[in-house]
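The structure appears right after this line, and notes come after that.
Numbering (the numbering used here), first residue to last: 22 to 560.
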């Protein structure tokens, strides 16, 4: 898989220099590249307890992203998924430790424990006061004698960091860190493994499966489970976490790397719906695993003092802050936005036609998305299917027996339920058709009037590679029968494959070579609809 890197051996040092360059002088590093990679606070004066953490790279923004006032004093970074050396850790300790001493915060991995532990011994031999705590928050493997340290480590960084910033002594900071570790529980789930730079990706998670409890270095989880929805995935994670914290509970919702912000918000909704947590940190990428498509949740029962420490503001942009979980506040729509509700009426034939047309749009979702991906953003099918489902659910309140009311009612419904430009275009279309119908126009002429209004407002015409290329000839042929209209729509839609330069719509921004040989998805949708109408009329 292609990645935005230069030489593999320079990946971590160049990444760290990128962090430093964008930090505005707040961060510095030791002159020890490539083997010693230590990032520390530029303003550090050694008068307070220093907090040093770190480990392998690939978990960004951890750990360098949390170096700053109120959290870490220094981060010691290894290569991707590899612990830093004893010399690197020792360099970090010596660089930031004054008379107040230093606390090492280490995740429970053998390499980290050994290298940080030996560095602590050497620092003590040099006269430094050094304590070390080991975070073992992962509950994925309950019988493991030494559970892994994962994203719950950030609870320790934040609470110990707040205490150290306020001037607490080393014994107090260490005791507080140990208390936090004893209460933290974490577990993650992923739909895919991560891609280690320079290596091929391991595809061990099958289609329709998710891996529960995998480690932040891509280690296999406790089991592969069936995957269906975000709600069920979060439900599985919540079930594992229940019982590990009661009372006032704070959760860290962590993006493991490549889960989109949209997905993370859906997962957060699922978590808050479980009523497991009272306060939330995230969702955000906090302790990632390169490009892993997954998430983790860490929870902790907090005391008032710990809650205050977690909520204390810090200047690092990587830290998202903490917020109270609330029910989504909802207020009524402003006056004038709520459309006038039409008087419902029934016409079984009209209802049947609308039902079959919307069924067709729903069934064609994947086909139209694939076609749209050639010339747009791949969502035409989804947009039409979403509107079709909403329209089906509103049929009972539609004026099906009166076209002068039905056309504008369709326009109002689509303007509210259909995203992008398509919704407003069809709203204009049906409202104009309704106006024409109310003034005595035939159905065919009313539909033509709607198309003319769309062309006036949107600026598109036949030949511009839009839905109009199929709709205009279909309406022109409609007086001779629905079969002729369907044939004209199909010819018009197919003609768009030879139009290599769109003059309107999203395709106008797409290179010509992407459009060659592919029908415009809007025109294709029109052709499919007229074909369905023709078959319906025949039956």
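Ideal placement from N, C-alpha and C gives every residue a C-beta, glycine not left out.
### Query
Mapping DSSP to helix, strand and coil, what is residue 304?
strand
### Message
Less than 7 Å between the beta carbons of residue 254 and residue 210, yes or no?
### Response
Their beta carbons are under 7 Å apart, which means residue 254 touches residue 210 by this criterion.
### Query
Under 7 Å between the Cβ atoms of residue 154 and residue 198?
yes
#### Entry: Residue span of the beta strand (DSSP E) that contains residue 316, given as start and end
315-322
### Boundaries of the beta strand (DSSP E) in which residue 276 is found, first to last residue
270-276
### Task
State the Cα-Cα distance for the pair residue 391 and residue 512, rounded to the nearest angstrom.
For residue 391 and residue 512, the distance between alpha carbons rounds to 20 Å.
### Message
Is the separation between the beta-carbon of residue 150 and that of residue 191 shorter than 7 Å?
### Response
yes
### Message
Between the alpha carbons of residue 417 and residue 176, how many angstroms are there, rounded?
### Response
53 Å
### Query
Any idea what DSSP makes of residue 420, helix, strand or coil?
strand
#### Entry: Buried or exposed by the 16-neighbour rule on C-beta atoms within 10 Å, applied to residue 224
exposed
### Query
Does the beta-carbon of residue 549 have 16 or more other beta-carbons within 10 angstroms, so that it is buried, or is it exposed?
buried
### Query
Buried or exposed: which applies to residue 232, given that a residue is buried once 16 or more other Cβ atoms fall within 10 Å of its Cβ?
buried
#### Entry: Backbone secondary structure at residue 43 - three-state DSSP
coil
### Message
Could you check whether the region 77-90 touches the region 139-148, counting it as contact only if at least three pairs of C-beta atoms, one from each stretch, sit closer than 8 Å?
### Response
no
#### Entry: Cβ-based neighbour list, residue 64, same chain, cut-off 8 Å, excluding 5 preceding and 5 following
47, 90
### Query
Hey, residue 544 and residue 487 are a contact pair by Cβ (cut 8 Å); roughly how many whole angstroms apart?
7 Å
### Task
With residue 126 as the anchor, note down where its beta strand (DSSP E) starts and where it stops.
123-128
### Query
For residue 22, does the three-state DSSP call read helix, strand or coil?
coil
### Query
Helix or strand or just coil, what does DSSP make of residue 263?
coil
### Task
Note down, one range per segment and in chain order, each beta strand (DSSP E) of at least 3 residues found wholly within the region 310-381.
315-322, 343-345
### Task
Can you tell me the Cβ-Cβ gap for residue 158 and residue 104, rounded? I've got them flagged as a contact below 8 Å.
Not really, about 18 Å apart at Cβ, beyond 8 Å.
### Stretch pair the region 342-351 + the region 230-248: three plus CB contacts closer than 8 Å
no
### Message
Measuring only the C-alpha atoms, how far is residue 475 from residue 367?
### Response
29 Å
### Euclidean distance between Cα positions of residue 455 and residue 432
In a straight line, the C-alpha of residue 455 is about 9 Å away from that of residue 432.
### Query
The alpha helix (DSSP H) spanning residue 466 covers which residue range?
464-479
#### Entry: Member of 558, 93, 336, 465 whose CA lies at the smallest distance from the CA of residue 378
558
### Task
Over the uninterrupted beta strand (DSSP E) stretch that includes residue 72, give me the two end residues.
71-78
### Message
If you measure between the beta carbons of residue 504 and residue 498, is that distance less than 7 Å?
### Response
no
#### Entry: Assigned secondary structure, residue 215 (DSSP; H/G/I helix, E/B strand, else coil)
coil
### Query
Any idea what DSSP makes of residue 225, helix, strand or coil?
coil
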